[in-house]
Every structure is written in C-alpha cells, then in structure tokens.
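Per my numbering, the very first residue in the sequence shown carries number 18; after that it's consecutive. Single-structure report; data block below.
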Amino acid sequence: MSKERIILLSDCQSFYASVEKAAHPEYKDKPVAVGDPARMNGIVLAACPIAKAQGVTTASRVGEAMAKCPGLVVIRPRMSTYIKVSLLISQIYHGYTDLVEPFSIDEQFLDVTGSLTFFGGGTQEIIRSIQQHVLLSTGVWTRVGIGSTKILAKMANNLSKKREGGIFRLGYDNLSEELWPLPVHEMFMVAGRMSKNFYRMGITTIGDIARMELGEFKRRMRMTMGKQSDIQAEYYWQTARGIDPSPVVTGIRHQIKSVGHGKALRWNLYTRLEDIEVVLLELVIEVCQRARRYRYMGSVVSIAVSETDGNRSNSYSRQMTLPEPSSLTHEIAAAAYHLFIDHWTGMPLSRLSISISHLTDDSVLQLTLFDDRERTYRRERTIDQIKTRYGSKALIRASSLLESGVALERAEQIGGHYK
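Written out as structure tokens, the structure is:
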C-alpha cells in the first residue's frame, strides 16, 4: 500500500498589504489597504487584518473603504515588487521540497512527503519552520492547509484562516465533521451562479453533494443545467469528497489554451467608435506580441464587451474563425473590429477584452497569394525585440497618444496594476 501523501497549500495572508507593511514599519499598527489613492472609484486589492476588522474588504471601492475606516492608509500597488517577493517565497519553499507548484501569486502547493525525515520532525514542525522562515525573510505571515490531496489541502487552507497558528489539516477522517456542514457556496470553485443552481436543486451544504450517489447527482445536474453538465457534476462530487488524483508538479504544467488581454474603461470616455477603436487596436497589439513570444498563432478571435450608460448594463462575447491561424496585428485587428462593429449596441464601454484561441505552433506559416505574411512576421518580431530590450514605450502607435489611448498607462502596469 502506497504511503499517503502530505501536501500543503501555503497562502500569504493579505499578501500585497503585508508586503507594504513590511516596507513601511511606521504603518505597523495602522490599517493599510492597497489601491490607488488618487482614484476613489478604484478597488481595494488587499487589506491588512486591522483594516478588515474595521470593515474594509477586498474589491470594495477606495472611497467606500476610507469612509468606513477614516484612518486607513491607502498605498498604490507595486506589482513588480509583489512578484519579486512571491519568487523569493517560492525559493524558500524549494529549500524544504523540490515539489513546489504555484497556484497564484500568493498561494503555492508543496508536497513534503519525502522531506519529513530529512528535517527530523513531523508535519507541524516543518510547517512552523516554513512560516518563520518566510516571516523573517519577507515580513509576510503564511497560513497552511494540510491534506493528502491538493483539493483537501486547498480546502484545509480556507479553514486554517480561522485557526490559531494558521494551520489546519483536512483528511478523510474529519471530512464529514469539518467540511460537509459548510454552506455549498464555500466549496472550492463554487461561485455565485453555481450556488444558485445548487440551491434550486435543494443542495445547501457541501455534505449534501458528498453524501449523494454520483448517478443521482448527475441526474439532478442534468435537470437543472442540461445534458452537458456531467463533467461538472463529477468534478463537484469529487471535490466534496476530497478526491483529486493530480500530483504536485514543479512549475506551470498546463499548455496555454488562449492568449488574451482586457481593460476596464471609464465608460463616460468611451462613447464614440473612434475612441473605442484606439483601445481595441492597443489590446490586439498586446495579444499578438504575447502570442509571438510564446510562438503561437490562433485560429479563433474572440471579443468580450461590457457596456453601460450609468443606468443600464449589457455584456456579451462573440468569436469568429480565421481563414488561417495568425498572430499578425492587422489580421487579428480586422477580425476583432468586425466582431465589435457587428454587435455593438452603441452604449458606452466599461470593459473590452480581446483573445485568440485554438492555438498552434507558428513554426509553419500558411502563405497567401496577395500578402507577404512571412515578411510581415519578420517586421513584427523585430518590433517585439525592440520592445523587449527597451520597454513597451520604445515603439508606440501614434493613435495611442490620443486621449482615448491606454497603451502608455498600461506600459507602467503589470496585470492592470502599477509596477
């Protein structure tokens, strides 16, 4: 019989806010939130425990947070710093095991099954050593969930946030006692819409799914969500029972399925087609540049649009298949523009996203009779090299200098937030 795995999910508490408090000792006993203090309508990306205790929540508006917590210190995000700290924490984890798998910027899986003997202690001892090591090196406190599978470790981590010491173990021996009584919306990967579907099915707790026979659960899912729901049903049923055969594997394991970029917009500034065109082209440029960096071409172009006039809102997504796979700016832009112009209702835009999917290797290029696509690829890759070496502002389209352009602003950001 194989030895049961010991898998940890280590999560950095209030990660961005913790990094800022470590960098600013003068704020040690003050409520701190990370957001743009110059934009009252911007969102709070992270809040320290002191701020949370006074009602500040992640994703709340900066203005609302400051109203709830008058002494709140709002610090502009520094994404490049957070990435560096995350990489440093990853290096620390690698000192305890070679099986470290990033889950997000502030969460990582560790399989320490083979490390316990080497470090001469039990699971609790190695976790406390990791917590202290990270805290002393970065000023960030970590909370750890323990399980024999990744899904158990992840759900245990959610429960660890309410436990002294920030450590909690979830196994098949305490699953029915600790996990199953929780509301179904607290189950991993269950968001608002799925919660409503479960409630309509009479499912209110995680245990309601776990205790049900898989066949019966699939039948109920089909009645609510259609015949295509069998895969979802099996996933949620296994999650409720802590079943997850996937191992902890170092690095990013999954091949990219699509390449995309999106931008939240101030809707009152994007009411005219000529202004929207500028942003659309800028997003296409980023998508194509990233696709070429990964050596991919896409066969399907997709757009996702959110519109609002302040009273009404509308969202939709559309896609089309290209004649040949591409990551050329003018070909992707033409398709994205066609999709947008055919479906735009005329309302101001609050968000626009562009993506390409059905990716293939770009080492084989389909030639055409009337365009020198090979020459165009060489030109665009030369531009990519210049931007990589000298920064994304080294070469920029003239249209991006217009008031509606966002490329210069995005050049100062990582993932939509300031570097």
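We put the CB at the ideal spot given by N, CA and C, even for glycine. Since the structure is predicted, the reported quantities are computational estimates derived from the model, not experimental observations.
- Message: Can you list, in chain order, the residues of its chain with a C-beta nearer than 6 angstroms to that of GLU291? Leave out the 5 residues immediately preceding and following it.
- Response: Closer than 6 angstroms at the Cβ level, and outside the excluded window around GLU291, lies no residue.
- Query: Could you give the distance in angstroms between the alpha-carbon of GLY139 and the alpha-carbon of LEU133?
  - Reply: Distance between GLY139 and LEU133, taken at the CA atoms: about 6 angstroms.
- Within 10 angstroms of the Cβ of LYS179, are there 16 or more other Cβ atoms? Answer buried if so, exposed if not. Burial call: exposed.
- Counted within 10 angstroms of its Cβ, other Cβ atoms place ILE23 as buried (16 or more) or exposed: Looking at its Cβ environment, which holds 16 or more other Cβ atoms inside 10 Å, ILE23 is buried.
- In whole angstroms, what separates the C-alpha of LYS410 from that of VAL317? Roughly 28 angstroms separates the two Cα atoms.
- Message: Using a 10 Å radius around the Cβ and a threshold of 16 neighbouring Cβ atoms, would you call THR159 buried or exposed?
- Response: In the assembly as shown, THR159 is a buried residue. Its beta-carbon has 16 or more other beta-carbons within 10 Å.
- Message: In this structure, how does DSSP classify MET18 when only helix, strand and coil are distinguished?
- Response: Here the model assigns MET18 a pLDDT of 38, short of 50, so the residue's position is not dependable, and the following value carries that caveat. The answer is coil: DSSP assigns MET18 none of H, G, I, E or B.
- Please state whether DSSP places GLU420 in a helix, a strand or coil. The DSSP-derived three-state label of GLU420 is coil.
- Buried or exposed: which applies to VAL49, given that a residue is buried once 16 or more other Cβ atoms fall within 10 Å of its Cβ? Its Cβ being crowded by 16 or more others within 10 Å, VAL49 is buried.
- Tell whether a beta-carbon distance below 8 angstroms holds between MET206 and THR241. The answer is no: Cβ separation not under 8 angstroms.
- Query: So, helix, strand or coil for PRO66, using DSSP?
  - Reply: PRO66: helix per DSSP, three-state reduction.
- Tell me the start and end of each unbroken beta strand (DSSP E) in the region 250-300 that is at least 3 residues and wholly inside, in chain order. Taking 3 residues as the minimum length, the beta strand (DSSP E) runs contained wholly in the region 250-300 are 275-281, in order along the chain.
- Task: Taking GLU81 as part of the alpha helix (DSSP H), name the residues at either end of that continuous run.
- Result: 79-85 is the extent of the alpha helix (DSSP H) around GLU81.
- Look up HIS234 in the DSSP assignment and say whether it is helix, strand or coil. Looking at the sequence shown, residue 234 is not His but Phe. PHE234: helix per DSSP, three-state reduction.
- Query: Straight-line CA distance for PRO87 to ALA55?
  - Reply: Here the alpha carbon of PRO87 sits roughly 16 angstroms from the alpha carbon of ALA55.
- Message: Closer than 8 angstroms is the cut-off here; do at least three beta carbon pairs connect the region 368-381 with the region 272-290?
- Response: As far as the Cβ criterion goes, the region 368-381 touches the region 272-290, which means the pair count is three or higher.
- Proximity of ILE92 and GLU142 at Cβ, strictly below 8 angstroms: It is not a contact, given that the beta carbons lie outside the stated cut-off.
- Item | Enclosing beta strand (DSSP E) for ALA128 [first to last residue] | Correcting the residue type first, residue 128 is Asp in the shown sequence and not Ala. 124-128 is the extent of the beta strand (DSSP E) around ASP128.
- For LEU231, the nearest candidate out of VAL73, SER212, PHE185, ILE260 (CA to CA): With distances taken between Cα atoms, LEU231 lies closest to ILE260.
- From the DSSP output, which residues share a beta bridge with TYR99? Note: TYR99 sits in no beta bridge, so no partner.
- Message: Just verifying my parser: in three-state terms, what is the DSSP assignment at ILE413?
- Response: Three-state DSSP puts ILE413 in coil, outside helix and strand.
- To the nearest angstrom, report how far apart ARG396 and ARG406 are at their CA atoms. Rounded to whole angstroms, ARG396 to ARG406 spans 16 angstroms at the Cα level.
- Task: Report all residues from its chain with a CB closer than 8 angstroms to the CB of VAL79; omit the five preceding and five following residues, and keep chain order.
- Result: For VAL79, where only same-chain residues beyond five positions count, the Cβ hits under 8 angstroms are ALA50, GLY52, ASP53, PRO54, ARG56, MET57, ASN58, GLY59, ILE60, VAL61, VAL91.
- Message: Among TRP254, VAL102, GLN149, whose alpha-carbon lies nearest the alpha-carbon of ILE184?
- Response: When only C-alpha atoms are compared, the closest one is GLN149.
- Are the Cβ atoms of GLY315 and SER334 separated by less than 8 angstroms? Contact check for GLY315 against SER334 fails: the beta carbons are separated by 8 angstroms or more.
- Message: What would DSSP say about GLY188, mapped onto helix, strand or coil?
- Response: Judged by DSSP in its simplified three-state form, GLY188 adopts coil rather than helix or strand.
- Using beta-carbon positions only, say whether TRP151 and ILE106 come within less than 8 angstroms of one another. Before going further, note that residue 151 is Val rather than Trp in the sequence given. Less than 8 angstroms separates the beta-carbon of VAL151 from that of ILE106.
- With DSSP run on the structure shown, which of helix, strand or coil describes HIS41? HIS41 sits in coil when the DSSP states are folded into three classes, being neither helix nor strand.
- Message: Going by DSSP in three states, ASP378 sits in which element: helix, strand or coil?
- Response: Note: ASP378 maps to strand in three-state DSSP.
- Beta carbon of THR325 nearer than 8 angstroms to that of PRO365: Result yes, Cβ atoms of THR325 and PRO365 sit closer than 8 angstroms.
- Task: Report the three-state DSSP secondary structure of MET204 (helix, strand or coil).
- Result: In this structure, DSSP gives MET204 a state outside helix and strand, which the three-state scheme calls coil.
- For MET314, does the three-state DSSP call read helix, strand or coil? Residue state for MET314 is assigned as strand, using DSSP reduced to three classes.
- Message: If you measure between the beta carbons of ILE122 and LEU25, is that distance less than 8 angstroms?
- Response: When the beta-carbon positions are compared, ILE122 and LEU25 stay at least 8 angstroms from each other.
- Through-space distance from LEU356 to MET337, alpha-carbon basis: Here the C-alpha atom of MET337 lies approximately 8 angstroms from the C-alpha atom of LEU356.
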